[in-house]
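Quick notes on the structure that follows.
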Amino acid sequence: MKYIFLRIFMVTLAVTIFSCNPEDGEDGVNGIDGIDGTESNGAGYLVISGDMTNEEAVALAAGTAGKNTHTLLIKNTTNITSIELPEISTLVKLEVVGNENLQRLSLPNLNASYENISINNNPMLTAIDMLSLEATYGGFAINGNQTLESINLPNLNTCESLRIGDTPLLESLNLPSVLEIGTLRLESLENLTTVNLNTVESIIFLNFRRNERLTTLNLQALRTTREITISENSALEVIILPSLTSNIANQNDLFSDEDQGINITRNANLTTINLNNLVSTGGIRIDNNENLITLNTDAALSPGFISISDNPNLNEISFPVATSVSGVLVQKNGTLASLAFPNVTENEGRISISENSLLTSIDFRRLTTSSGVGVSENGMLTSINFNALVNNDGFLTISNNQNLQVASFPGLTVSTRNFVISRNAALTTASFPVLATIGNDTRSNLTVSDNPLMTDLDFSSLTTLDMGLLISGNSALTTLSFPRLTTVGNENSLRFIVSNNNAMTSLSFPNLETVNTISTISISENLLATINFDRLNTFATLDVDSSVLVESLTLSSLQDFTRLSLNTPGRLSTAVIDGILTRLVNITPAISEKSIFITGVASAQAQTQAQTLRDNGNSVTITE
26 MKYIFLRIFM VTLAVTIFSC NPEDGEDGVN GIDGIDGTES NGAGYLVISG
76 DMTNEEAVAL AAGTAGKNTH TLLIKNTTNI TSIELPEIST LVKLEVVGNE
126 NLQRLSLPNL NASYENISIN NNPMLTAIDM LSLEATYGGF AINGNQTLES
176 INLPNLNTCE SLRIGDTPLL ESLNLPSVLE IGTLRLESLE NLTTVNLNTV
226 ESIIFLNFRR NERLTTLNLQ ALRTTREITI SENSALEVII LPSLTSNIAN
276 QNDLFSDEDQ GINITRNANL TTINLNNLVS TGGIRIDNNE NLITLNTDAA
326 LSPGFISISD NPNLNEISFP VATSVSGVLV QKNGTLASLA FPNVTENEGR
376 ISISENSLLT SIDFRRLTTS SGVGVSENGM LTSINFNALV NNDGFLTISN
426 NQNLQVASFP GLTVSTRNFV ISRNAALTTA SFPVLATIGN DTRSNLTVSD
476 NPLMTDLDFS SLTTLDMGLL ISGNSALTTL SFPRLTTVGN ENSLRFIVSN
526 NNAMTSLSFP NLETVNTIST ISISENLLAT INFDRLNTFA TLDVDSSVLV
576 ESLTLSSLQD FTRLSLNTPG RLSTAVIDGI LTRLVNITPA ISEKSIFITG
626 VASAQAQTQA QTLRDNGNSV TITE
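First residue of the sequence shown? That's 26 in the numbering used here, and the numbers climb one at a time after it.
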C-alpha cells in the first residue's frame, strides 16, 4: 500500500530534520531561552502526565514544545481540563490516553503526523480540534471517549487510517476536505446522525458498524474501494454510492491477496442499496437485511462472488450487464420473484440458489462454464435457463422445487461431481441430450429420484459415468435408456440401483460394458418386462426383481461375473432362460465358481445346459 512507503519516507525525513536543528540555548550560556543564542526548537519528547495542572502543563509546553517535538504523550492526568499546544506543527507520535478530566484537546497548528495518533479512554473529553491538520500517514484512533461531541478536522485531506469507536455522544463526523483514506472504521457511535465525507474519492477499507441512529449513508464522490463492510446499523435506511466504479485491489497493491468486496449485512431497516455505477468488485455479500427492497447493481460487469441471502422483502435480483462472476449464493429471500444474470458467460465458483419460496424464474441463459450448479427448495420456481452451459466442473443438483416442470441443459457436455435430480413434485422432463461425461473419484452418484410426474429422462449421449447410479421413485417413468453409456463406477462407487419406478416397463443399457467396483447391479421394479444389457461383460452381481413376467433380458456379451440372481417373483420367460443359459455355457474359457439363480419354466435344453454349468463347478438353481 502506498501509504506504507510514504510513511517510512516521511518518518525518516521528520526525524532527520528534528535531529539536525541547532541546539537550544542553555541557561544563559550563549543566551537565555535562545535569546542572543541558538534558536530554541524544543525537546524531541514532551510528556504530560500525573497530577499536573492546566497552568503547569502550559508552562511545560512553553518551555519544552517546539519544532523538534516529534512525540507528544498526554497520559493518565488527573487535573488537566484543557490542552492547547500551538507550538507543534508536525508529530511522529501522539498519545492522549486515560486523562480523567481532560475536556478539550487543541493542536491548532499541527499540519501532519507520520505514525500513530491515539486519543483513547478520556472520559470527560468533549472536543478535539486540529484545525490545520492536512495529512496523517499512520493510524489515527479515537476510541472510548464517552462524552466526546465534536471532532474538528476541516483541512484533513489524506489519512492512512481513521478509527472512531465507542463514542456515544458524537452526533456528526465532518471531514469536508478529505480525498483519500486508507482505512475508515466507524463503530458503536450510538448517536451519530450525520456523516459528511462528500469529497472522499478513495477508501481502501470502509467499516461502518453498529451506528444506531444514522439513516442515510451517502458517499457521493467515492470512486474506488477494496473492502466495504456496513453492518448492524439498526436505523440505516439508504446506502448511496453513486460514483463507486471499482471495489477491487489495484494489481500493485501490497494487500492484493486479501479479501475484497462489499459486505452489507444485518441492517434491520435498510430499504435501498444504490450501486448504480459499480463496474467491478471482488465480491458482493448482502445478507440479513430484513426490509431491503431495492438493490441496484445494473452496471456491474464482473461482480466477483455474490451472496444475497435472508433478505425477506427483496423481490428482484438482476445483474443485466455482468459477464463473469466468481460464484453465486442466493437463498432465503422470501419475496424474491426473479433472478437474472442474462449476460454472464463464465462462473469460476459455484451457483447455489435455494429456499427462495416465491422465486419463479432463474436466468443464466449465456453461462458456458461453471464450478457447480445447485437449485433447491424454491417452491414456486417454474423456469430455469442454463441453455448455454457446456462445462460444469462441479456438482449439479436440481431438488425440491415443487412447481418446476422442465429441467433442460441442452448444451451441457461435461459435469464432474455429484449429479442429483430429486424430489421435484411437478417435474416431467429432465433433459441432458449432449452430456457425454459425468466424472468423480469419490462416493458420489448420478441420482434421479422421487420425481413422481417424470415421464422424460434424456441422457442419450452419456458415455462415461465415473460414479454410482441411482434411479428410484419416479413413479410415472415408463422407460429408462442410456443408449451410449459404456462404463459405470470408479474405485469408490457403491451403487447401481434402478428401483421403485412403478410404471417402468423397459430398461436399456445397450452399450454398457463394464461396471467397476460396485458389488451389485440391483434392478427392482413392479412392471419391468424388457431389460437390455447387450454388451455388459464385466460386473460382480446382477440382481433382477420384477413383479411381472420378464419377456426380454439380453446379456449377449456376458463374460466375467460372480453372481447372477434372476429369481424374480414375476419369473423369466422360457425363451429368456434359454437365451441366458446358452450364453453361459458358451463363454470361453468355461466359467466356474459362479452362483446362478433363475425363476421360471426352463426348457429341456436349458436344464441340460444348467447341468453342464454345474459340472464345471458352478452353482445353478432354477425354480418355477
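By construction, the Cβ of each residue, glycine as well, lies at the ideal position given by its N, Cα and C atoms.
Every value quoted in this text rests on a predicted model; they were computed, and no experiment measured them.
Any idea what DSSP makes of residue i, helix, strand or coil?
i    : result
R608 : helix
D49  : Only weak support exists for where D49 lies, its pLDDT of 42 falling under 50; the value from the coordinates is given anyway. Coil.
L85  : helix
E80  : helix
V601 : helix
D640 : helix
A427 : Ala is not the amino acid found at residue 427; the sequence shown has Gln there. In the structure shown, Q427 sits in coil (DSSP, three-state: anything other than H, G, I, E or B).
Q630 : helix
A635 : helix
R129 : strand
I105 : coil
I309 : strand
L320 : strand
S157 : coil
D680 : This structure gives no information on residue 680, because the portion of the chain shown stretches from 26 to 649.
D466 : coil
S382 : coil
L720 : Since the first residue of the chain shown is 26 and the last is 649, residue 720 is not available in this structure.
F444 : strand
Q245 : coil
Q356 : strand
A432 : strand
F564 : coil
R588 : strand
Taking the C-alpha atoms as reference points, what is the distance between residue i and residue j?
i    : j    : result
P1   : M479 : Summary: the structure shown does not reach residue 1, with the chain confined to residues 26 through 649, and so no result is reported for it.
L578 : A600 : 9 Å
E212 : N313 : 19 Å
G163 : Y139 : 6 Å
L384 : A166 : 46 Å
L97  : I298 : 43 Å
E205 : F344 : 29 Å
G75  : F230 : 37 Å
I60  : L158 : Here the model assigns I60 a pLDDT of 39, short of 50, so the residue's position is not dependable, and the following value carries that caveat. If you take the alpha carbons of I60 and L158, they lie about 30 Å apart.
K100 : A246 : 38 Å
G190 : Q356 : 33 Å
E341 : L583 : 56 Å
F233 : L482 : 51 Å
L320 : I265 : 11 Å
T115 : G308 : 39 Å
N515 : L494 : 11 Å
P179 : N199 : 7 Å
S456 : L437 : 10 Å
L132 : N168 : 18 Å
A413 : E257 : 40 Å
L361 : S474 : 27 Å
G397 : P337 : 25 Å
L295 : I287 : 15 Å
L537 : I333 : 43 Å
T488 : T254 : 48 Å
I228 : R210 : 10 Å
V83  : T94  : 15 Å
Just confirm the distance between the C-beta atoms of residue i and residue j, as a whole number of angstroms; I'd bet it's less than 8 Å.
i    : j    : result
S447 : N476 : 7 Å
V459 : T422 : Actually they are not in contact, since the Cβ atoms of V459 and T422 sit about 20 Å apart, beyond 8 Å.
D491 : I463 : 7 Å
N372 : T394 : 7 Å
E174 : L195 : 6 Å
R391 : V369 : 6 Å
I105 : N124 : 6 Å
S107 : Q128 : 6 Å
I13  : V513 : What the structure shows of the chain is the stretch from 26 to 649, and residue 13 is not part of that stretch, so it cannot be assessed.
Drop a sphere of 10 angstroms on the beta-carbon of residue i, count the other beta-carbons inside from all chains shown, and report buried for 16 or more, exposed for fewer.
i    : result
R520 : buried
T161 : buried
S571 : buried
V626 : exposed
N221 : exposed
P328 : buried
L553 : buried
F30  : Only weak support is given to the placement of F30: the predicted model assigns it a pLDDT of 39, under 50, and the value that follows is read from those uncertain coordinates. Classification for F30: exposed.
G88  : exposed
G642 : exposed
R639 : exposed
S424 : buried
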